[in-house]
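In the working numbering, the protein residues as written are 13 to 96. All C-beta atoms in this analysis are idealised placements derived from N, C-alpha and C, irrespective of residue type, glycine included.
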């Protein structure tokens, strides 16, 4: 699968998981899963924001920092994909 398909697929999963409502009697696993998807949605949002910033002309040092963040997020996304 291409990364574009993976990203689109993961975004749709995260979007639907943000709307999950947990009962008052939720287990530790329920809370852990909800937190995992919440944090992952934040990673995807940050990734998209950084990609937008990369299209704007910046000072070279800022560009390098954004590239490093983007690489770190991509590594995190790959590790999360291998868990599922």
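- Message: Can you tell me where the alpha helix (DSSP H) holding residue 43 begins and where it ends?
- Response: Sequence index remark: in the chain shown, residue 43 carries index 31 (1-based). Start and end: 40-66.
- Query: To which residues of the same chain is residue 59 closer than 6 Å at the C-beta, ignoring the five residues directly before and after it?
  - Reply: Sequence index remark: in the chain shown, residue 59 carries index 47 (1-based). Cβ neighbours of residue 59 beyond the five flanking positions: 85.
- Local conformation of residue 86 per DSSP, three classes: Locating residue 86 in the chain shown gives position 74, counting from the first residue. Of the three classes helix, strand and coil, the one that applies to residue 86 here is helix, per DSSP.
- Under 7 Å between the Cβ atoms of residue 78 and residue 88? Sequence index remark: in the chain shown, residue 78 carries index 66 (1-based). Sequence index remark: in the chain shown, residue 88 carries index 76 (1-based). Contact flag unset, no.
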